[in-house]
């Protein structure tokens with residue numbers, strides 16, 4: 001479309017936009033850039049253009065796209081991926097259950113680490129008692145105490161990291177599901193700065209096809225949450241959980 005407005009009198013400038021840096025050409029994979037093209041009548045036409053074609057870097061044939069058309073494509077994509085309250089609940093239930101299973105499977109390792117920490121504490125006390133009894137010189141005591149302290153510190157760090165990792169993952173899951181279940185209204189009300197933040201949270205890249213199709217590379221955890229197979233697994237899990245609950249109360 002830009003080609004129709006090219007002339008010796010055209011003036012072109014590249015401007016910032018909340019989608020800049022997030023949208024890419026579906027044909028060649030290069031970034032889309034914002035270009036305002038002015039024709040000989042002084043009318044300004046704002047477009048997204050493929051930077052590969054614009055610079056001659058690629059042999060891309062993708063035509064320029066009106067900014068408002070691309071904006072609408074992104075809005076429609078959010079409408080497509082937003083989850084219902086019921087699906088949000090089912091996804092949360094299954095993933096939290098998966099977390100519980102992972103933690104249960106790691107209970108043995110956590111128990112081993114805790115026992116090893118307790119053993120090292122006992123060893124440290126025995127060394128100190130031996131030193132007071134004159135059996136361990138001060139230089140050896142210091143060397144052994146440093147060794148034990150380092151080992152205990154490493155174990156404690158692993159125990160705390162394990163707890164923090166799961167707590168953080170659970171909190172991030174709930175926040176992400178809350179966003180996914182309300183993204184349409186959030187995005188519609190958002191100003192440009194917050195729209196940029198939404199897009200950066202959800203997508204690593206958004207590819208715009210010339211036919212108007214959109215495909216994306218998700219940021220974590222939205223790739224999993226928006227995956228239709230994962231969503232179906234959550235629905236099946238919820239149905240099975242409901243059956244078990246009814247059987248237990250029946």
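Residue numbers (the UniProt record's numbering): 1 to 250. Beta carbons are placed, not taken as given, at the ideal position from N, Cα and C, and that holds for glycine.
Own chain residues within Cβ distance below 7 Å of residue i, not counting five before or after
i, result
"residue 52", "25, 28, 30, 58 and 60"
"residue 203", "22, 216, 217, 218 and 219"
"residue 130", "136"
Buried or exposed by the 16-neighbour rule on C-beta atoms within 10 Å, applied to residue i
i, result
"residue 192", "exposed"
"residue 255", "Outside the displayed span of the chain (1 to 250) sits residue 255, for which this structure offers no information."
"residue 41", "exposed"
"residue 44", "exposed"
"residue 108", "exposed"
"residue 197", "exposed"
"residue 195", "buried"
Helix, strand or coil at residue i [DSSP, three-state]
i, result
"residue 46", "strand"
"residue 253", "Nothing about residue 253 can be read from this structure; the chain reaches only from 1 to 250."
"residue 35", "strand"
"residue 19", "coil"
"residue 234", "helix"
"residue 41", "coil"
"residue 215", "strand"
"residue 205", "strand"
Residues near residue i by beta carbon distance below 6 Å, same chain, minus five either side
i, result
"residue 222", "202"
Integer-rounded CB distance, given that residue j should sit under 8 Å from residue i
i, j, result
"residue 234", "residue 91", "5 Å"
"residue 87", "residue 200", "The Cβ separation is near 24 Å, so there is no contact."
"residue 113", "residue 147", "That pair is no contact at about 17 Å."
"residue 143", "residue 124", "So it is not a contact: roughly 13 Å between Cβ atoms."
"residue 67", "residue 85", "With 8 Å as the limit, residue 67 and residue 85 do not qualify as a contact, their Cβ atoms being about 33 Å apart."
"residue 64", "residue 48", "7 Å"
Beta-carbon contacts of residue i that lie in its chain and below 8 Å, excluding the five residues immediately before and after
i, result
"residue 180", "81, 82, 83, 88, 222, 225 and 226"
"residue 106", "162"
"residue 208", "23, 24, 25, 26, 32, 48, 65, 70, 73 and 214"
Residue-chain proximity (residue i, chain C), Cβ-Cβ < 8 Å
i, result
"residue 218", "Of the protein chains in the structure, only one exists, and it is not chain C."
Check your understanding: Would you call the region 102-112 and the region 156-168 in contact, with 3 or more CB pairs under 8 Å?
Key -> With the cut-off at 8 Å, the region 102-112 and the region 156-168 touch.
Review point. Does the region 68-76 come close enough to the region 195-215 to have 3 or more Cβ pairs within less than 8 Å?
Key: yes
Check your understanding: Hey, is the region 126-144 in contact with the region 179-198, meaning 3+ C-beta pairs nearer than 8 Å?
Key -> no
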